[in-house]
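What follows is a single structure, written as structure tokens, with notes after it.
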Amino acid sequence: MTAQTFSSLPLKPDLIQVTEELGYATMTPIQVESLPHLLEGKDLIGQSKTGSGKTAAFSLPILNKIQVEQNRYGVLQAMILCPTRELSAQVVREIRKLGRKFEGLQVLPLTGGVPGRDQAFALDRGVHIVVGTPGRILDHIRREQMDLSQIQTLVLDEADKMLEMGFEDEISAIISELPRDLQTVLFSATFPEGIELLSQRYQKNPVKVKVEDSAETSDLIRQLVYELGTEDKKNILMRVLQQHEADSILIFCNTKAAVTNLVELLQDQGVACGGLQGDMDQRQRDLSMAMFRNGSYKILVATDVASRGIDIGQLELVINYDFPLQPEDYIHRIGRTGRAGRSGTAVIFVGPSEKFKIFEVEKQAKATFERPNLGFKNQHGLPPGYGQAKMQTLVIVAGRKDKLRAGDILGAFTGDGGLQSSEVGKIEIHDTFTYVAVSSMLSKEQISRLCEGKIKGKKYQVRALN
Ligand code: ADP
Ligand code: MG
Numbered sequence: 065m066t067a068q069t070f071s072s073l074p075l076k077p078d079l080i081q082v083t084e085e086l087g088y089a090t091m092t093p094i095q096v097e098s099l100p101h102l103l104e105g106k107d108l109i110g111q112s113k114t115g116s117g118k119t120a121a122f123s124l125p126i127l128n129k130i131q132v133e134q135n136r137y138g139v140l141q142a143m144i145l146c147p148t149r150e151l152s153a154q155v156v157r158e159i160r161k162l163g164r165k166f167e168g169l170q171v172l173p174l175t176g177g178v179p180g181r182d183q184a185f186a187l188d189r190g191v192h193i194v195v196g197t198p199g200r201i202l203d204h205i206r207r208e209q210m211d212l213s214q215i216q217t218l219v220l221d222e223a224d225k226m227l228e229m230g231f232e233d234e235i236s237a238i239i240s241e242l243p244r245d246l247q248t249v250l251f252s253a254t255f256p257e258g259i260e261l262l263s264q265r266y267q268k269n270p271v272k273v274k275v276e277d278s279a280e281t282s283d284l285i286r287q288l289v290y291e292l293g294t295e296d297k298k299n300i301l302m303r304v305l306q307q308h309e310a311d312s313i314l315i316f317c318n319t320k321a322a323v324t325n326l327v328e329l330l331q332d333q334g335v336a337c338g339g340l341q342g343d344m345d346q347r348q349r350d351l352s353m354a355m356f357r358n359g360s361y362k363i364l365v366a367t368d369v370a371s372r373g374i375d376i377g378q379l380e381l382v383i384n385y386d387f388p389l390q391p392e393d394y395i396h397r398i399g400r401t402g403r404a405g406r407s408g409t410a411v412i413f414v415g416p417s418e419k420f421k422i423f424e425v426e427k428q429a430k431a432t433f434e435r436p437n438l439g440f441k442n443q444h445g446l447p448p449g450y451g452q453a454k455m456q457t458l459v460i461v462a463g464r465k466d467k468l469r470a471g472d473i474l475g476a477f478t479g480d481g482g483l484q485s486s487e488v489g490k491i492e493i494h495d496t497f498t499y500v501a502v503s504s505m506l507s508k509e510q511i512s513r514l515c516e517g518k519i520k521g522k523k524y525q526v527r528a529l530n
């Protein structure tokens, strides 16, 4: 399927322009599926996961037919029901954002926490769209503070949650007060039976839209939580490493010292491993990253700060050894895995004092964490041969400034009686030096031949780094 832009829709130019300004380059799948129907005025029942852009899906059609100049006391044009105050506020923000080119547009939240009298005054001054919880909105209807006769669209957002919270009677009471030719839009993350009944009772030939979780999201990441008990965290790490075999593993610590300690510990266990932290100079950091990227390190241990924004490609396993200081750090950390449709695993260790924080992290990650059992302890440390990397790194003391090119190096290394081309990996050319990954299975003789050999007929200084 090709990407679809909002400009392919019969939307007012102002709305299309705002989506562009907001950086909504293409529609999300639920928007692609639902917007055309909603713009035709059809009833719709839709399902897609959190964060998939449902708010814009129901808000743009509402905004598209709002008559801003029609702004009489208490006469509403659209109503959106949400389960909570926070969700209502979020929807209000998104509608105001999308409708920012409509001068005079009034969007009013109607939820608890604000005196009903203040809301009544606001309604009197003229409001186009109300967004609120069923209870509070019904209050205002009963007090006859709203003229519902011009309402064209009703949205039930997070309908499953509203039913779960026992709002069914309020919803029914509200709908019975609304015009007959109403467009009803129902969005829900899940489809319990109650939703089906609600739809059958109130919707007219609804279009049904369901978007399966796309393969490009973090759904491809298994997210595992291990609770730390009395056993030493380092031992737990060793067991996790054995249980989740992977070629490249990124481990996060919160301090530079923790990085250094863990690197030493792992190296003592024979693991090809490097660190990445702020006390290292630029050259050391570059080398660590190069060796991790080219397969010479099986494990990289890093702080959040040192690893920020760096490109280390696709990883199979990310371990939150130290609990992230901010939930967003977790998102950044695990964003290194499960990319481009490939699967990955993220592990987080939870100490006694972090048991509550993990729920916040889980919420932000918008995922359900698994809490597997680590099983019995079978041995101390890692099994022999565990930590061996596939590659090793040679440094050539010459680079771009010496007009060295990857093809020259590959040619020299694989030339007469040299290596198989499969035994040469990434070649990373810097200004004055070059890193070349070669198989870690090479013999000492093969390595010294490479170190002594010539490249493009010229002798360079070449050293093995690990
Ligand atoms: P949902 O209601 O499905 O959980 P939201 O409507 O809250 O999701 O949208 C999640 C985020 O995606 C919001 O920050 C929103 O601004 C943004 N968003 C919506 N549509 C698009 C789009 N087409 N392109 C990029 N971002 C979008
Ligand atoms: Mg939503």
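Quick note on our numbering: the sequence shown kicks off at 65 and runs consecutively. A virtual CB, placed ideally from N, CA and C, is assigned to each residue, including glycine.
Review point. So, using beta-carbon positions, are Leu202 and Ala186 closer together than 7 Å?
Key: No, the pair does not count as a contact, with Cβ atoms beyond the cut-off.
Check your understanding: If you draw a straight line from the C-alpha of Met399 to the C-alpha of Asp393, how long is it?
Key -> Residue 399 is actually Gly in this sequence, not Met. Rounded to the nearest whole angstrom, the C-alpha separation of Gly399 and Asp393 is 10 Å.
Check your understanding: In the stretch 326–385, which residue ranges form an unbroken alpha helix (DSSP H) of at least 4 residues, counting only runs that do not cross its ends?
Key -> 346–357, 368–371, all fully within the stretch 326–385.
Point to revise | Coarse secondary structure for Tyr266, derived from DSSP in three states | key: Here Tyr266 sits in helix by DSSP.
Exercise for review: Decide if Asp107 is buried, meaning its Cβ has at least 16 other Cβ atoms within 10 Å, or exposed.
Suggested key: buried
**Study point:** Simplified DSSP assignment, three categories, for Ile94
**Key:** In the three-state scheme derived from DSSP, where H, G and I count as helix and E and B as strand, Ile94 is classed as helix.
Check your understanding: If you measure from the CB of Thr197, is any heavy atom of the ligand MG nearer than 6 Å?
Key -> no
**Study point:** Whole-angstrom distance between Thr367 and Glu228, CA atom to CA atom
**Key:** 41 Å
Check your understanding: When the distance is taken between beta carbons, is Cys337 closer than 7 Å to Asp221?
Key -> no
Practice item. Take Ser512 as the anchor and find which of Gln307, Val500, Ala528 has the nearest alpha-carbon. Key: Ala528
Check your understanding: For Ile315, which three-state DSSP category applies?
Key -> strand
Practice item. Return yes when the C-beta of Lys37 is under 6 Å from any heavy atom of the ligand MG, and no when it is not. Key: Shown here, the chain extends from 65 to 530; a query on residue 37 therefore has no answer.
Review point. Just checking my contact of Leu102 with Phe122 at CB under 8 Å: how many whole Å lie between their CB atoms?
Key: A Cβ-Cβ separation of about 7 Å places Leu102 in contact with Phe122 under the 8 Å criterion.
Exercise for review: Return the Cβ separation of Val411 and Leu288 in integer angstroms, given the expectation that the two are a contact with Cβ distance under 8 Å.
Suggested key: 5 Å
Exercise for review: Tell me, please, whether the stretch 226–242 touches the stretch 182–196 by the rule of three or more beta-carbon pairs shorter than 8 Å.
Suggested key: Flag = no, the stretch 226–242 and the stretch 182–196 do not touch.
Check your understanding: Cβ of Lys297 less than 7 Å from any chain D Cβ?
Key -> The chain inventory of the structure shown lacks chain D, comprising one protein chain alone.
Check your understanding: Beta-carbon separation of Leu340 and Leu379 under 7 Å?
Key -> no
Check your understanding: How is the alpha helix (DSSP H) around Thr83 delimited, first residue to last?
Key -> 77–85
Exercise for review: Pick out whichever of Arg206, Leu242, Gly110 has its Cα sitting closest to the Cα of Leu250.
Suggested key: Gly110
Review point. What is the rounded straight-line gap between the Cα of Ser371 and the Cα of Gln216?
Key: Distance from the CA atom of Ser371 to the CA atom of Gln216, rounded to whole angstroms, is 51 Å.
Check your understanding: Rounded to a whole number of angstroms, what is the C-alpha to C-alpha distance between Asp233 and Pro256?
Key -> 17 Å
Review point. Do the stretch 78–93 and the stretch 111–118 make contact, defined as three or more Cβ pairs closer than 8 Å?
Key: yes
Check your understanding: Alpha carbon to alpha carbon, how far is Met65 from Glu260?
Key -> Confidence at Met65 is low in this model, with a pLDDT of 43, below 50, so the placement of that residue should be treated as unreliable; the coordinate-derived value is given next. Going from the Cα of Met65 to the Cα of Glu260 covers about 30 Å.
Practice item. Would you mind stating whether Met455 and Asn358 have Cβ atoms separated by less than 7 Å? Key: yes
Review point. Out of curiosity, what's the CA-to-CA distance linking Leu389 and Gly415?
Key: 13 Å
Practice item. Pick helix, strand or coil for Gly408, following the three-state DSSP scheme. Key: Strand, per DSSP.
Practice item. Counting only the same chain and skipping the five closest in sequence on each side, list residues whose C-beta sits under 7 Å from that of Ile493. Key: Gly463, Arg464, Leu468, Ala470
Exercise for review: Determine the DSSP secondary structure at Ala279, reduced to helix, strand or coil.
Suggested key: Any reading at Ala279 is ruled out, since the residue's pLDDT is 36, under 50, leaving its predicted position unreliable.
Check your understanding: Do the stretch 124–140 and the stretch 73–82 meet, that is, are 3 or more Cβ pairs less than 8 Å apart?
Key -> yes
Check your understanding: What alpha helix (DSSP H) runs, 4 residues minimum, are completely inside the stretch 203–250?
Key -> 223–228, 232–239
Check your understanding: How many Å lie between Gln307 and Glu295 at the Cα?
Key -> 17 Å
**Study point:** Proximal residues to Ile395 (C-beta, below 8 Å), its chain only, five neighbours per side dropped
**Key:** Gln428, Ala429
Point to revise | Straight-line Cα distance separating Gln170 from Ala153 | key: 14 Å
Check your understanding: The beta strand (DSSP E) spanning Glu167 covers which residue range?
Key -> Segment: none, Glu167 is in no beta strand (DSSP E) and carries neither H nor E.
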